[in-house]
Each structure stands twice: as C-alpha cells, then as structure tokens.
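Take the sequence shown: its position 157, counted from the start at 1, is 157 in this note's numbering, and no numbers get skipped.
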Amino acid sequence: MNSPAQDPVLTVAMRAARTAASILVDAARDLKRLPSFAKTHGDVVSAADIEAEDAIVATLRAAFPEHAILGEESGHIEGARERPGVRWLVDPLDGTFNFVHGFPYIASSIAIEVDGAVEAGVVANPISGELFSAVRGSGAWLHTAHASPRRLAVSDAESLATGLIGSVLPSAASKHFEQVLPAWLDVARQAGSIRRTGAAALDLAQVAAGRLDGFFVMSLSAWDAAAGALLVHEAGGTVCDFSGGNGFLQSSQVIAGSAAVAAGLVTVEDILETVVGPIRGEGEAEGFVME
Numbered sequence: 001m002n003s004p005a006q007d008p009v010l011t012v013a014m015r016a017a018r019t020a021a022s023i024l025v026d027a028a029r030d031l032k033r034l035p036s037f038a039k040t041h042g043d044v045v046s047a048a049d050i051e052a053e054d055a056i057v058a059t060l061r062a063a064f065p066e067h068a069i070l071g072e073e074s075g076h077i078e079g080a081r082e083r084p085g086v087r088w089l090v091d092p093l094d095g096t097f098n099f100v101h102g103f104p105y106i107a108s109s110i111a112i113e114v115d116g117a118v119e120a121g122v123v124a125n126p127i128s129g130e131l132f133s134a135v136r137g138s139g140a141w142l143h144t145a146h147a148s149p150r151r152l153a154v155s156d157a158e159s160l161a162t163g164l165i166g167s168v169l170p171s172a173a174s175k176h177f178e179q180v181l182p183a184w185l186d187v188a189r190q191a192g193s194i195r196r197t198g199a200a201a202l203d204l205a206q207v208a209a210g211r212l213d214g215f216f217v218m219s220l221s222a223w224d225a226a227a228g229a230l231l232v233h234e235a236g237g238t239v240c241d242f243s244g245g246n247g248f249l250q251s252s253q254v255i256a257g258s259a260a261v262a263a264g265l266v267t268v269e270d271i272l273e274t275v276v277g278p279i280r281g282e283g284e285a286e287g288f289v290m291e
C-alpha cells in the first residue's frame, strides 16, 4: 500500500506540523544562545508554544473553517460553520521540560476526530526531522527529508518481561508524584526495561515504529494521545485503557504495544488502578502535569 500522504486532510495536518516545527527549531536556537537556566528560558518556551499552536490553528482553519479545534494552549475553538462531530486535537509542544534543557525529544501532535473516532494523525519531532503519519485503514508511516516514506510496524515482542517499555510520570512538583511512583515502579519491575523520556506523543510514535515494545501512562490528555494511538493501531499494535477497553481518550489511561506486551500491561491493571482512581478527572483542574 502506498503512503497516505496524498490524503487531503493528512496533507494539511503534515503542513501544519512542519510549520510548527520551524517555529520550535528557531526557538531551540534562541535557547542555545542564552546562559544555562536563565530566567528568560521560560519566556522563550512559552512564546514558542503559543506561536506554534497559533500556526497550526491558522493552517487548519484556512483549510477547514467548519472544523472545531481543541488545543492545549487555546482550549476549544468553534468552527466558523461548525460541522457536528468533527474536531482537531492539537498539542504544539509535548516535552516542554526536554525542550528547555535542549534534550532533543519533543513533539507536535495533531489529530482529527470524527464522531469520536480518530481518523488521521501526525506526530512530528522538530529536532530530528522525523514525522510520523497515519490515516485510518492506510497504515502508519515515517517521513524524513532524505528518504521515501517507510511503512511502520510494531515490534514482535512476545512478553512484557523482555520488552522495552516507555512511560510517563508526573512532575516531581505534583502532589500526585509520591502517590504514583510506587505503582509505576511495580510495573517497571515486571518489564524488561523501562524508559521515561518525557514526551508521551513521541513515545507512542516509537511504539508504532517498533523502537519501543510498549507504553503505559496513568493520565494523558487527549491531544497527546490521539495521533500516537492511531499510529500504533495502524502499525498493527494494540491500544487500550487499563481494563483492555477502548475508552483511553475518555479515561486518560493509555496502554499501547504489541498484542503480547499490551496484554501483559493490562494484567497489572489492579496495581495501576490503586493510584488512578484518585487521580482520574483531576488532571487539568488540579494541575497534574505530566513530563
């Protein structure tokens, strides 16, 4: 099957992601010119985050003025002639703490949801230049500047015990950190090895590419989960909530990976549920910040 890059909706999403990427790359250069840990770092990052989202929103609105948009920075933006059941989910900069420190693991995530189902999505790493795309039913693909698009497939890992697993923890400043950490460690002990890289959307893309065997997170916003989840699904993987169901965009609990690894992660659901219950639904209101 050919790359779905010619899909008109995906084409716009890819253009939006690349526009945001250029803004973030420029901001990364600005950060390098500043003294380490200068107070102005935060100003540069905040401005770049907002500018990147504004660029994404402008690109999407120019092509699809009738579509609603839910952005991490902007919140809900109604369409000019809103088409019921259609909205874009946008995070211009996932991995803010990485970005501040010059750690090249960040992502812009853009997805379109139609009647509750994610139909197309893009996850782009502005620093590496890798862009991951998917359209439902057309596979998941990796685009780079110097090679033809390559179709992705999840790994063939057969057990959690031998798998390389990605995950996310709340900031150490979060009141939930001490609550979450013991359960997170219990899961880590059952995995072959675990990585906390700080950008969940990009972690999901790595699962789709077969670089990570699995991924789990206890609380993740829809704008960070939507595109990456479609990538994993279209790469032949499993995406579910902690009960093994399909409600991960609503519950904010996400498990992803090869079928065997995802099943292994679901079996530790009881451990995870001991901390997810009190946290669920408190994310935005309580400032539950994931890094």
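For glycine and all other residues, C-beta sits at the position ideal for the given N, C-alpha and C. Source: prediction; values computed, not measured.
Check                                                                                                                  : Outcome
Close beta carbons around residue 166, own chain, < 6 Å, minus the five adjacent residues each side                    : 195, 203, 212 and 215
Contact between the segment 106-118 and the segment 228-244 (3+ Cβ pairs under 8 Å)                                    : yes
Spatial neighbours of residue 200 in its chain, beta-carbon cut-off 6 Å, leaving aside the 5 residues before and after : 168, 217, 220 and 224
Contact under 8 Å by Cβ, residue 222 with residue 89                                                                   : yes
Cβ neighbour criterion (16 or more within 10 Å) applied to residue 8                                                   : exposed
3 or more residues per run - each beta strand (DSSP E) lying fully within the segment 18-78                            : 68-71 and 75-77
For residue 150, three-class secondary structure by DSSP                                                               : strand
Runs of beta strand (DSSP E) lying entirely within the segment 224-259, each at least 3 residues, in chain order       : 238-240 and 254-257
Three-state secondary structure (DSSP) of residue 168                                                                  : coil
Cβ-Cβ separation, residue 93 to residue 24 (assumed contact under 8 Å), whole Å                                        : 6 Å
Terminal residues of the beta strand (DSSP E) in which residue 178 lies                                                : Unbroken run through residue 178 is the alpha helix (DSSP H), 177-190; no beta strand (DSSP E).
Euclidean distance between Cα positions of residue 159 and residue 184                                                 : 18 Å
Segment contact, 8 Å Cβ cut-off, at least three pairs: the segment 9-17 with the segment 41-61                         : yes
Residue(s) in a DSSP beta bridge with residue 340                                                                      : In the structure displayed, the chain extends from 1 to 291; residue 340 sits before or after that span and is not available.
C-alpha gap between residue 181 and residue 259, whole angstroms                                                       : 26 Å
Outcome for residue 234 when other beta-carbon atoms lying within 10 angstroms are tallied against a minimum of 16     : buried
Limits of the unbroken beta strand (DSSP E) element including residue 201                                              : Where residue 201 is concerned, there is no enclosing beta strand (DSSP E), although the alpha helix (DSSP H) it sits in stretches over 200-208.
Cα-Cα separation, residue 136 to residue 118                                                                           : 8 Å
Pair within 8 Å by beta-carbon distance, residue 91 and residue 72                                                     : yes
Residue burial classification, residue 193 (beta-carbon count within 10 angstroms, cutoff 16)                          : exposed
Continuous beta strand (DSSP E) assignments of at least 3 residues falling wholly in the segment 81-124                : 86-94, 107-114 and 117-124
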